[in-house]
Amino acid sequence: MLSVFVLPGGARAQTTTPQEWIEIGTRAHGGFGALIPIGIRIGLDALQRLKTSPRGVIVRYRSGETAPCPCVADGIMVATQASPGQGTLKVLDEKAGQGLLLDVEIEDRKTGATLRYRVASRWLPQVVTWNKTLDPLGRYQAVMAADALFEVAGP
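Going by this note's numbering, the residue at position 125 of the sequence shown is 429; the numbering climbs one at a time, nothing skipped.
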């Protein structure tokens, strides 16, 4: 399965293979647990829905009470190229709402259009199972194929 960034006007900008995502995610995060491809999937979805390119978004990330860490933010970072160093990716101290593993807003830097992604805490046991039973490619594939992994609101 290839991942394609869709730019404004529908142009295709970059194609990345699952193995390349695994290499990029591992380099950026230090490992490739199932939370990294969740972030990649959310980031790619946001770029496509907002019809913007990498580096074209601002990300505000909130972890849930049951989240082991904000690892998903690293996946979003590699997919969108939002960066804490450039102030376009912020992991907030405020927590996501009750029953959420994460709550993230992704805003188009030019238009201000904002999407809000939420992953329910009920996904955490499945994430743990994927991490225990699958290799990095299996984790990537499982996350990309998971139905109803997140809810998204916005344009």
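All C-beta atoms, glycine included, are put in the ideal place defined by N, C-alpha and C. Quick caveat, the model's predicted, so the values are computed rather than measured.
Looking at Ala338, Gln430, Val382 and Val395, the one whose alpha-carbon comes closest to that of Leu351 is Val382. Beta-bridge partners assigned by DSSP to Arg420: Glu409 and Ala457. With at least 16 other beta carbons inside 10 angstroms of its own, Ala386 counts as buried. The DSSP-derived three-state label of Lys436 is helix. When the alpha-carbon of Ala452 is set against those of Arg422, Glu411, Pro388 and Ser367, the nearest one is in Arg422. Per DSSP, reduced to three states, the secondary structure at Arg366 is strand.
The count of Cβ pairs closer than 8 Å, one atom from the segment 355 to 372 and one from the segment 406 to 423, reaches three, so the stretches are in contact. Counting other Cβ atoms within 10 Å of its Cβ, Glu455 stays below 16 and is therefore classed as exposed. For the pair Lys436 and Ile328, the Cα-to-Cα distance works out to about 21 Å. Residue range Leu339 to Leu354 is occupied by the alpha helix (DSSP H) that includes Leu351. Secondary-structure assignment with DSSP links Val395 through a beta bridge to Tyr365. By the neighbour-count criterion, in which 16 or more other beta carbons inside 10 Å mark a residue as buried, Pro341 falls on the buried side.
Looking from the CA of Thr415, the closest CA among Ala332, Ser357 and Glu324 belongs to Ser357.
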